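Student: Numbering (the numbering used here), first residue to last: 151 to 490.
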Amino acid sequence: MRRCFDLALQGAGSVSPNPMVGAVVVYENTILGEGWHRQFGGPHAEVNAIASVPPEHQTLLPHSTLYCSLEPCFHHGKTPPCVDLILEHRIPRVVISTTDPNPKVAGQSVEKLRAAGVEVITGVLEAEGRWLNRAFFTWITRKRPYIILKWAQSADGIIAHNGQQTAISGALTQRLVHRWRSEVDAILVGTTTALTDNPRLDNRLYFGRPPLRIALDWNSRIAAKAHLLDDSMPTWILGPEHPGKWTNTVFQNINQASWVINLLEKLRAEGYASLLVEGGARIHQQFLDADLWDEIRIIENPVLLGNGVAAPDTVGLGAMENGGTFPVGDDRVQIWLRKE
Ligand code: AOF
Ligand code: ZN
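1. Give me the residue from Met383, Val165, His187 with the minimum Cα distance to Leu157.
2. Would DSSP call Gln402 helix, strand or coil?
3. Return the CA-CA distance between Glu206 and Pro222, expressed in angstroms with no decimal places.
4. Specify the secondary structure class of Arg243 as computed by DSSP and reduced to three states.
5. With distances taken from CA atoms, which of Glu450, Gly389, Gly185, Trp443 is nearest Gln406?
6. Do Gly307 and Ser332 count as a contact pair if the criterion is CB distance below 7 Å?
7. Can you give the beta carbon distance from Ala373 to Ala285, rounded, assuming they're within the 8 Å contact cut?
8. Please name the residue in Met151, Thr215, Leu426, Ala199 whose C-alpha comes closest to that of Val268.
9. For Pro434, which of Leu338, Gln402, Trp386 has the nearest alpha-carbon?
10. Give the DSSP bridge partners of Ser424, in chain order.
11. Would you please state the rounded distance, in angstroms, between the beta carbons of Asp335 and Pro295? I believe it to be under 8 Å.
12. Buried or exposed: Gln303, going by 16 or more other Cβ atoms within 10 Å of its Cβ?
13. For Pro477, name the three-state secondary structure that DSSP assigns.
14. Would you please state the rounded distance, in angstroms, between the beta carbons of Asp381 and Trp396? I believe it to be under 8 Å.
15. Using a threshold of 7 Å, state whether the C-beta atoms of Phe401 and Glu415 are closer than that.
16. To the nearest whole angstrom, what separates the beta carbons of Lys489 and Ala460, a pair I think is in contact under 8 Å?
17. From what residue to what residue does the beta strand (DSSP E) around Ile364 run?
18. Counting only the same chain and skipping the five closest in sequence on each side, list residues whose C-beta sits under 6 Å from that of Phe476.
19. Quick one: is His194 buried, meaning 16 or more other Cβ sit within 10 Å of its Cβ, or exposed?
20. So which residues put a beta carbon under 5 Å from any heavy atom of the ligand ZN, going in chain order?
21. Are the segment 348 to 362 and the segment 429 to 449 touching, with three or more C-beta to C-beta distances below 8 Å?
22. Can you check DSSP and say which residues form a bridge with Arg488?
23. Classify Asp444: buried if its beta carbon has 16 or more other beta carbons within 10 angstroms, exposed otherwise.
24. Going by C-alpha to C-alpha distance, which of Leu235, Tyr217, Val255, His225 sits closest to Val245?
25. Is Val171 near Ser202, with beta carbons less than 7 Å apart?
26. What residues match up with Glu269 in a beta bridge as DSSP calls it?
27. Along the chain, where does the beta strand (DSSP E) that runs through Ile181 open and close?
28. Whole angstroms are fine: how far does the CA of His328 sit from the CA of Asn369?
29. Is it buried or exposed for Lys147, if we count other Cβ within 10 angstroms and need 16 for buried?
30. Skipping 5 residues on each side, what residues in its chain have a beta carbon closer than 6 Å to that of Thr343?
31. Secondary structure at Val197, three-state DSSP: helix, strand or coil?
32. So is the beta-carbon of Thr397 under 6 Å away from any non-hydrogen atom of the ligand AOF?
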């Protein structure tokens, strides 16, 4: 199953809003084939795993076990049901980490396999399986993108000098942040961050697909020459239209008073299943106050800044769970998770 998870992770950044899924075909303790869901709209993990079994070993399928990190699908989506493929190949045993929360699946494949006489074992490394696809589970059950709030702070809890771009985290952490960007579907910043940092919000220090970038600009203050308005990658600006010829930039006319909810609805409608909120403090606070967050990633550097913009207050957030802490160069990354 751990091998299934490793395979599944190869799809990070390419399959959303679908889950990352890995599958392994095993005959008498020997792996005959492996596969993962590589691309949104493309073949599922089970299809790739079965197709990877060499022709001379296909006759072993009716004597093999299929391991799947997620319950095989039951429905005709962009691809035919994996459950039928398993039955066609007469695979007698299927081991699953978690059932698929998608209402079109939701345990029905497990039932169908069992009804056909297939031995099905579920719940293997279930917590890890859920963790792997926490964005997908949130997307399905909460009907909104998975929301990650991220900021860097000094040892005395300051995220920036007032109105000034302030470098806090180190170069190695910068690369990690670009990796995080490549793993999410969209990134959001507020106007102050857009004005003081002139961010690109791309993932040039890592590989993979760049996310959708989103900035608030209710009063058209972002300059035409700002990186965010260079039209180089998909961008949403929440605010009135700026003059210019845009192919990748969309000006979203949404309600300023309820923009957080409106934005989440819009992201959901367009299939963006995860959102990384990169600040500033006011925006983070709005998400925290609305209790709309799933994960907080705090980068802490030992520097003392003395004064400036204070980091959002997480002490009052009772419902937090420690998601782990690890060093990156001179920085320390702390992850907090929302309790169910
Ligand atoms: C699987 N194996 O590798 C994945 C599954 O539109 P489709 O056909 O790609 O179906 C997408 C849904 O299928 C997705 O919402 C989830 O419920 C399931 N994903 N299922 O058997 C896979 N990626
Ligand atoms: Zn499938």
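Built from N, CA and C at the ideal position, the CB exists for glycine as well. Model, not experiment: these values are computed from the prediction.
Tutor: Inspection of the coordinates gives the following:
1. His187
2. strand
3. 25 Å
4. strand
5. Gly389
6. no
7. With 8 Å as the limit, Ala373 and Ala285 do not qualify as a contact, their Cβ atoms being about 33 Å apart.
8. Thr215
9. This sequence places His at residue 434; Pro is not what is there. Selected option, being the one with the closest Cα: Leu338.
10. Tyr296
11. 7 Å
12. buried
13. strand
14. 5 Å
15. no
16. So it is not a contact: roughly 24 Å between Cβ atoms.
17. 362 to 366
18. Val483
19. buried
20. His194, Cys223, Cys232
21. no
22. Met470
23. buried
24. Tyr217
25. no
26. Arg243
27. 180 to 186
28. 29 Å
29. Shown here, the chain extends from 151 to 490; a query on residue 147 therefore has no answer.
30. Gly429, Gly430
31. helix
32. no
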